[in-house]
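Asker: What follows is a single structure, and I will ask about it in a moment.
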Amino acid sequence: MTFGDLEKPLYLGYYDLDMESPRVYDRVGNSDKLLWEAVLVSCSAPTFFPPVNGRYVDGGLLLQNPSMVAVGGYMRECRCGMGDISLTSIDTDGHRSIKHKKSRFNILYWLGKLTKVATKGSENLVVFQCRTFPLGGYLYLSPKIEKTYPMDNVKIMGEYDQLWHSYYSSNRDYILNKIRGGQKCL
């Protein structure tokens with residue numbers, strides 16, 4: 001199956017190491033691209049998988065929240081304005097309240113935190129943009145997570161599933177009203 005075979009828009013982000021730039025596969029520019037190849041590229045997380053063709057890696061490196069990629073791609077592909085788009089964004093990382101000790105702000109501290117600062121900062125910038133731009137509707141779902149979960153550990157899936165179930169149960173009426181009513185922002 002190729003992007004050209006799709007009935008609905010799909011946008012898969014990736015990063016091109018040679019061009020030093022984020023890229024996006026979509027139906028407009030990549031109609032002949034095989035879906036399985038695009039998914040492989042989009043999921044090739046450094047340290048877990050080698051770059052595809054020695055140059056393409058996971059889009060999540062810079063596209064932690066691909067909401068604006070979806071908005072821009074949909075506007076181009078469907079020839080519509082921002083006000084015609086309602087978007088629901090699901091933050092799988094959640095949000096935390098972290099307290100830092102002043103004495104910890106040294107070079108070793110920052111070496112360990114730079115990736116998190118860059119990725120979460122990029123993600124939060126997109127949330128700000130989505131809340132600020134004149135979208136027809138925007139719903140951002142992000143549970144408060146009290147602890148750090150290890151990445152890619154299937155043993156904690158039940159606990160993580162329960163976290164989301166609880167979040168949805170606590171906010172069910174609000175979420176459904178937003179989705180049904182197309183209200184402006186969360």
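Residue numbers (the numbering used here): 1 to 186.
We put the beta carbon where it would ideally sit given N, CA and C, even for glycine.
Here the structure is a predicted model, which means the values were calculated and not measured.
#1: What separation, rounded to the nearest whole angstrom, lies between the Cα atoms of S31 and A70?
#2: What are the start and end residues of the beta strand (DSSP E) that includes Y23?
#3: Cutting at 7 Å between CB atoms, please list the residues of its own chain near V28, excluding the five before and the five after it.
#4: Would T2 and L40 qualify as a contact pair, given that the criterion is a beta-carbon distance under 8 Å?
#5: Using DSSP's beta-bridge definition, name the partner residues of D58.
#6: Can you tell me the Cβ-Cβ gap for P134 and Y74, rounded? I've got them flagged as a contact below 8 Å.
#7: Going by C-alpha distance, which of L61, N65, K120, G137 is nearest G81?
#8: How would you call N65, buried or exposed, if buried means at least 16 neighbouring beta carbons within 10 angstroms?
#9: State the beta-bridge partners of T88 as determined by DSSP.
#10: Could you have a look at V28 and say whether DSSP puts it in helix, strand or coil?
#11: Distance, Cα to Cα, Q129 vs L87?
#12: Check G176 in the structure and name its three-state DSSP category.
#13: Kindly list the residues whose CB is nearer than 7 Å to the CB of S42, restricted to its own chain and excluding five residues on each side of it in sequence; keep chain order.
#14: From the DSSP secondary-structure annotation, give me the bridge partner or partners of L34.
#15: Whose CA, out of K147, E159, N153, L141, lies closest to the CA of R172?
Answerer: Taking the definition as stated:
#1: Reading the sequence shown from its first residue, position 31 is the one you call residue 31. Reading the sequence shown from its first residue, position 70 is the one you call residue 70. Approximately 17 Å between the Cα atoms of the pair.
#2: Reading the sequence shown from its first residue, position 23 is the one you call residue 23. Rather than Tyr, the amino acid found at residue 23 in this sequence is Arg. Segment 21-25, the beta strand (DSSP E) holding R23.
#3: Here residue 28 refers to the residue found at position 28 when the sequence shown is read from its first residue. The answer, listed in chain order, is R76, E77.
#4: In the sequence shown, counting from the first residue as 1, residue 2 sits at position 2. In the sequence shown, counting from the first residue as 1, residue 40 sits at position 40. Against a cut-off of 8 Å, the Cβ pair of L40 and T2 comes out as no contact.
#5: On the sequence shown, residue 58 is found 58 positions in, with the first residue counted as 1. D58 pairs with Y14.
#6: As a working mapping, residue 134 is identified with position 134 in the sequence shown. As a working mapping, residue 74 is identified with position 74 in the sequence shown. Under the criterion of beta carbons closer than 8 Å, P134 and Y74 do not qualify as touching, at roughly 15 Å.
#7: The residue you call residue 81 lines up with position 81 of the sequence shown. Of the listed residues, the one whose Cα sits closest to G81 is G137.
#8: The residue labelled residue 65 in the question sits at position 65 within the sequence shown. The residue is buried, with at least 16 neighbouring Cβ atoms inside 10 Å.
#9: Counting from one through the sequence shown, the residue named residue 88 turns up at place 88. Beta bridge pairing from DSSP links T88 with L139.
#10: If you number the sequence shown from 1, residue 28 lands on position 28. DSSP places V28 outside both helix and strand once states are collapsed to three, so it counts as coil.
#11: Walking along the sequence shown from the start, residue 129 turns up at place 129. Walking along the sequence shown from the start, residue 87 turns up at place 87. Counting only the Cα atoms, L87 lies some 12 Å from Q129.
#12: Here the question's residue 176 lines up with position 176 in the sequence shown. Checking the displayed sequence, the identity of residue 176 turns out to be Leu instead of Gly. In the structure shown, L176 sits in a helix (DSSP, three-state: H, G or I).
#13: For the purposes of this step, residue 42 is taken as residue 42 along the sequence shown, with counting starting at 1. Closer than 7 Å at the Cβ level, and outside the excluded window around S42, lie L12, G13, Y14, D58, G59.
#14: By one-based count along the sequence shown, residue 34 stands at place 34. As DSSP reads the structure, L34 sits in a beta bridge with T2.
#15: If you number the sequence shown from 1, residue 172 lands on position 172. Selected option, being the one with the closest Cα: L141.
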